[in-house]
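For reference, the structure is listed below as structure tokens.
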Amino acid sequence: MIIHNTLGQQDEEFKPINSGRINIFVCGPTVYDDFHIGHARTYIFFDVIAKFLRNTGYSVFYLQNITDIDDKIINRAKDENKKYYEISDYYFNEYVNTMDKLKINSINYYARATLYIKEIRAQIKVMIDKGYAYETSDGVYFSVKKFKDYGRLSNQNLNGIIKNSRGTINENKKEPEDFVLWKKTKPGEPYWESPWGKGRPGWHIEDTAITETYFGPEYDIHGGGSDLIFPHHEAEIAQMRSISGKKYLARYWVHTGMININNEKMSKSLKNFIKVNDILRDYKPEHLRFAMINANYNTSIEFSDELLNNSRDNVDKINNFYNKMEKIENITGNYNVNENEMIKKINETMENNFDTRSLIRDLFEFISSVNKNMDNISMETAKKIIKVMNYINNFLCILYDKSNEYNNEKLIDTMIEIRTNMRNNKMYEISDYIRKKLEENSIYIEDNGTKTEWWIKD
RNA sequence: GGAUAGGUGGCAGAGAAGUGAUGCGUGAGACUGCAGAUCUCAUUUACUUGGGUCCAAAUCCCAACCUAUCCUCCA
75 MIIHNTLGQQ DEEFKPINSG RINIFVCGPT VYDDFHIGHA RTYIFFDVIA
125 KFLRNTGYSV FYLQNITDID DKIINRAKDE NKKYYEISDY YFNEYVNTMD
175 KLKINSINYY ARATLYIKEI RAQIKVMIDK GYAYETSDGV YFSVKKFKDY
225 GRLSNQNLNG IIKNSRGTIN ENKKEPEDFV LWKKTKPGEP YWESPWGKGR
275 PGWHIEDTAI TETYFGPEYD IHGGGSDLIF PHHEAEIAQM RSISGKKYLA
325 RYWVHTGMIN INNEKMSKSL KNFIKVNDIL RDYKPEHLRF AMINANYNTS
375 IEFSDELLNN SRDNVDKINN FYNKMEKIEN ITGNYNVNEN EMIKKINETM
425 ENNFDTRSLI RDLFEFISSV NKNMDNISME TAKKIIKVMN YINNFLCILY
475 DKSNEYNNEK LIDTMIEIRT NMRNNKMYEI SDYIRKKLEE NSIYIEDNGT
525 KTEWWIKD
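Spelled out as structure tokens, the structure:
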């Protein structure tokens with residue numbers, strides 16, 4: 075399997091540290107605001123790859139952190155006259171609910187930063203003891219110059235960074251590039267006890283404390299949005315490697331591209347972000363999933379209504395096809411498929427740096443080919459096709475749910491039989507009315523010659 | 001200014017030297033009472049620009065231009 079590694083900027087053959095097992099960590103959100111489509115892009119992609127890897131036989135532990143203490147949370151709490159945890163609990167809850175709606179259910183564990191204060195303190199202590207960190211009047215800082223590989227992940231030149239650094243105004247640190255590990259509390263702010271006084275952890279330290287707890291000092295894959303490469307992931311590497319003395323934090327670094335709106339990055343700070351819940355009013359989760367995986371993960375996506383409409387049409391096409399396969403009852407047919415060969419090919423496509431775009435292209439070519447031979451497909455072949463479709467769906471999750479399937483199939487069959495009789499007697503007005511009423515109840519019908527098919531679309 | 005990824009048809013998006021991918025959209029036709037789905041054909045002087053290499057360049061080389069992201073808030 076080939077993975078494009080941000081560390082080194084090249085495609086590399088993937089080898090897990092422990093054969094057959096993969097530890098993957100993806101940076102989760104800071105829970106102070108609504109879930110937006112930029113989050114969706116990253117988390118849908120990693121959901122697809124975690125599920126894919128499990129399908130191919132790996133045991134995958136997928137861990138995600140939740141930043142539930144941060145200046146933004148504190149500020150929001152202040153604005154709304156609430157406790158900081160009322161904000162973080164609320165948005166964490168919303169986050170988990172939205173993940174569920176998007177069928178992102180591959181994450182083994184959400185680790186909330188505030189539950190790992192003990193581990194964070196322990197890591198900071200080691201860094202101080204080893205001379206990588208120092209205490210000042212307002213906090214504990216990591217001394218970037220002490221860690222010689224700082225900048226290697228992002229190819230940043232430290233001199234350039236210093237020249238252009240900003241946001242150093244109120245902080246009391248030795249060098250502008252140094253970053254905070256522990257922030258000493260100001261009046262009215264939440265705090266935890268520590269050897270360096272009351273305070274709270276810096277942003278970067280949560281992740282290494284959490285990953286060390288579950289994975290140890292080195293693990294396989296670290297993922298996140300490309301906007302986190304510098305400084306966040308660079309800082310994580312500096313922290314953990316200065317503690318462990320090892321060559322790596324994560325072996326492979328995988329970064330997802332940004333979502334653009336009107337040719338500009340969508341972000342919370344630009345206030346141009348689109349909430350997932352707003353999208354889900356007009357589109358299904360499958361449409362958003364498709365839109366996100368119909369691009370290669372490391373490129374930026376220009377978001378628009380057209381993109382979603384296009385995705386909806388594509389997903390409809392796939393679902394229509396699937397429904398037709400389920401309805402096939404022919405005993406004979408010459409068209410054949412080799413389902414094991416197909417699954418092998420699907421795996422090969424995905425193993426080439428998770429090439430979902432090529433997979434989708436191949437899927438459409440396949441659907442087209444089967445459609446051309448629709449009259450020549452036996453039930454046996456249809457079952458093989460369904461097996462392949464289900465295999466793809468295990469990780470793409472683009473087939474619609476049929477959870478509200480009706481039990482009274484016989485009643486629907488009866489109604490359709492009545493309608494067929496009316497049509498045979500050219501009573502079209504009333505038969506169209508029946509069709510319309512069924513559609514209003516999510517039952518869609520299709521007349522194919524003498525046969526009428528129906529299915530439920532929620 | 002530095003770093004990174006890019007620039008392909010109405011849109012999305014493959015290809016990495018020689019047959020104009022694939023899907024959507026649009027137009028026409030087939031099937032159909034209609035609708036839907038599906039099929040067929042068309043949309044075909046598509047590859048940012050300028051040089052170069054080559055029998056042959058979207059693809060390789062050089063230069064320029066343009067776009068996005070990062071350079072201590074961010075998925």
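Here the first sequence is numbered in the numbering used here, starting from 75 and rising by one per residue. Note that CB positions come from ideal geometry on N, CA and C, so glycine has one too.
Could you check the C-alpha separation between Lys500 and Ser443 for me, to the nearest Å? Stepping through the first sequence from its first residue, residue 500 is reached at position 426. Stepping through the first sequence from its first residue, residue 443 is reached at position 369. Near 35 Å, if we compare the C-alpha coordinates of Ser443 and Lys500.
Between the alpha carbons of Asp263 and Gly276, how many angstroms are there, rounded? As a first step, residue 263 must be located in the first sequence, where it is residue number 189. As a first step, residue 276 must be located in the first sequence, where it is residue number 202. Looking at the sequence itself, residue 263 is Glu, so the reference to Asp does not match. Distance between the alpha carbons of Glu263 and Gly276: 14 Å.
Assign Asn522 to buried or exposed, taking buried as 16 or more other Cβ atoms, counted over all protein chains shown, within 10 Å of its Cβ. Translated into the one-based positions of the first sequence, residue 522 becomes position 448. So Asn522 ends up on the exposed side.
What does DSSP give as the partner residues of His536 in its beta bridges? No statement about residue 536 is possible, as the shown extent of the chain runs from 75 to 532 and does not include it.
Which residue from Asn468, Ser300, His113 puts its Cα closest to that of Ile417? Residue 417 sits at position 343 when you count from the first residue of the first sequence. Checking every option, the nearest Cα to that of Ile417 belongs to Asn468.
Test item: CB-CB of Lys272 and Trp266 under 9 Å: Taking the first residue of the first sequence as position 1, residue 272 is located at position 198. Taking the first residue of the first sequence as position 1, residue 266 is located at position 192. The answer is yes: Cβ separation under 9 Å.
Identify the residues that DSSP records as bridge partners of Lys339: which are they? As a working note, residue 339 is residue 265 in the first sequence. Looking at the DSSP assignment, Lys339 forms a beta bridge with Asn334.
By Cβ distance, which residues of its chain are closer than 6 Å to Asp212, with the 5 residues on each side in sequence left out? Translated into the one-based positions of the first sequence, residue 212 becomes position 138. Excluding residues within five positions, the ones whose Cβ falls inside 6 Å are Asn246, Lys258.
Rounded to a whole number of angstroms, what is the C-alpha to C-alpha distance between Tyr183 and Asp163? Numbered from its first residue, the first sequence carries residue 183 at position 109. Numbered from its first residue, the first sequence carries residue 163 at position 89. The alpha-carbon atoms of Tyr183 and Asp163 are separated by roughly 16 Å.
Contact under 9 Å by Cβ, Pro359 with Leu176: Position 285 of the first sequence, counting from 1, holds the residue named residue 359. Position 102 of the first sequence, counting from 1, holds the residue named residue 176. Yes, these two residues count as a Cβ contact at 9 Å.
Answer yes or no: the CB of Ile459 versus the heavy atoms of the ligand ZN, is any distance below 8 Å? The ligand ZN is not among the ligands present in this structure, which contains no ligands whatsoever.
Give the single residue among Asn410, Asn427, Gly407, Leu433 whose Cα lies nearest to the Cα of Lys419. In the first sequence, the residue the question calls residue 419 occupies position 345. Checked all of Asn410, Asn427, Gly407, Leu433; the closest Cα to Lys419 is Leu433.
Closer than 8 Å is the cut-off here; do at least three beta carbon pairs connect the region 119-126 with the region 335-342? no
Count the other CB atoms within 10 Å of the CB of Thr524; is the residue buried (16 or more) or exposed (fewer)? Taking the first sequence and counting its residues from 1, one reaches residue 524 at position 450. With fewer than 16 other Cβ atoms within 10 Å, it is exposed.
Which one or two residues does DSSP pair with Ala22 in a beta bridge? A question about residue 22 goes unanswered here, because the residues of the chain that appear run from 75 up to 532.
Segments assigned alpha helix (DSSP H), at least 4 residues, entirely inside the region 436-524: 453-470, 483-498, 502-514
DSSP three-state label for Glu280, please. Within the first sequence, the letter at position 206 stands for residue 280. Residue state, collapsed to three classes: helix.
Rounded to the nearest angstrom, what separates Thr430 and Leu227 at their Cα positions? By 1-based counting over the first sequence, the position of residue 430 is 356. By 1-based counting over the first sequence, the position of residue 227 is 153. For Thr430 and Leu227, the distance between alpha carbons rounds to 25 Å.
On the three-state DSSP scale, how would you describe Thr242? Locating residue 242 in the first sequence gives position 168, where the first residue counts as 1. Confidence at Thr242 is low in this model, with a pLDDT of 48, below 50, so the placement of that residue should be treated as unreliable; the coordinate-derived value is given next. Note: Thr242 maps to coil in three-state DSSP.
Report yes if the CB atom of Asp174 is closer than 9 Å to the CB atom of Val218, and no otherwise. Sequence index remark: in the first sequence, residue 174 carries index 100 (1-based). Sequence index remark: in the first sequence, residue 218 carries index 144 (1-based). The answer is no: Cβ separation not under 9 Å.
In chain order, which beta strand (DSSP E) runs of at least 3 residues are fully inside the region 197-268? 207-209, 213-216, 253-258
Going by C-alpha distance, which of Ile353, Ile317, Asn394, Asn92 is nearest Glu380? Translated into positions along the first sequence, residue 380 becomes position 306. Among Ile353, Ile317, Asn394, Asn92, the Cα nearest to that of Glu380 is on Ile353.
On the premise that Glu86 lies in contact with Leu79, defined as a C-beta separation below 8 Å, what is that separation, rounded to the nearest angstrom? Taking the first residue of the first sequence as position 1, residue 79 is located at position 5. Taking the first residue of the first sequence as position 1, residue 86 is located at position 12. Going by the sequence as given, residue 79 is Asn instead of Leu. Contact flag correct, Cβ pair sits at about 5 Å.
Close-in-space but distant-in-sequence residues of the same chain around Thr116 (CB under 6 Å, 5 per side omitted): The sequence position of residue 116 within the first sequence is 42, counting from 1. Same-chain partners within the cutoff: Gly299, Thr330.
Is there contact here, the region 286-305 with the region 316-327, by at least three beta-carbon pairs under 8 Å? yes
Any contact of the region 401-416 with the region 366-375, i.e. 3+ C-beta pairs under 8 Å? no
Straight-line gap, Ile460 to Lys345 (C-alpha atoms, nearest Å): For the purposes of this step, residue 460 is taken as the residue at position 386 of the first sequence. For the purposes of this step, residue 345 is taken as the residue at position 271 of the first sequence. Rounded to the nearest angstrom, the two C-alpha atoms are 43 Å apart.
For Lys349, the nearest candidate out of Asp108, Lys401, Asn384 (CA to CA): Residue 349 sits at position 275 when you count from the first residue of the first sequence. For Lys349, the nearest C-alpha among the options comes from Asp108.
Straight-line CA distance for Gly94 to Lys157? Counting from one through the first sequence, the residue named residue 94 turns up at place 20. Counting from one through the first sequence, the residue named residue 157 turns up at place 83. One C-alpha to the other measures close to 44 Å.
DSSP three-state label for Ala369, please. As a working note, residue 369 is residue 295 in the first sequence. Of the three classes helix, strand and coil, the one that applies to Ala369 here is coil, per DSSP.
Report back the beta-carbon spacing between Met496 and Ile490 to the nearest angstrom; my notes put them in contact at under 8 Å. Counted from its first residue, the first sequence places residue 496 at position 422. Counted from its first residue, the first sequence places residue 490 at position 416. The pair is not a contact, with the Cβ atoms about 11 Å apart (cut-off 8 Å).
Quick one: grab the DSSP three-state call for Asn388. For the purposes of this step, residue 388 is taken as residue 314 along the first sequence, with counting starting at 1. DSSP places Asn388 in helix when its eight states are reduced to three.
Three-state class that DSSP yields for Glu425 in the structure shown: Residue mapping note: residue 425 aligns to position 351 of the first sequence, counting from 1. Reduced to three states, the DSSP call for Glu425 is coil.
Going by the DSSP bridge assignment, what does Trp270 pair with across the sheet? As a working mapping, residue 270 is identified with position 196 in the first sequence. Answer is none; Trp270 lacks a bridge partner.
Endpoints, beta strand (DSSP E) assigned at Asn97: Translated into positions along the first sequence, residue 97 becomes position 23. Segment 95-100, the beta strand (DSSP E) holding Asn97.
Buried or exposed (CB count within 10 angstroms, at least 16 for buried), Tyr206: If you number the first sequence from 1, residue 206 lands on position 132. That one is buried.
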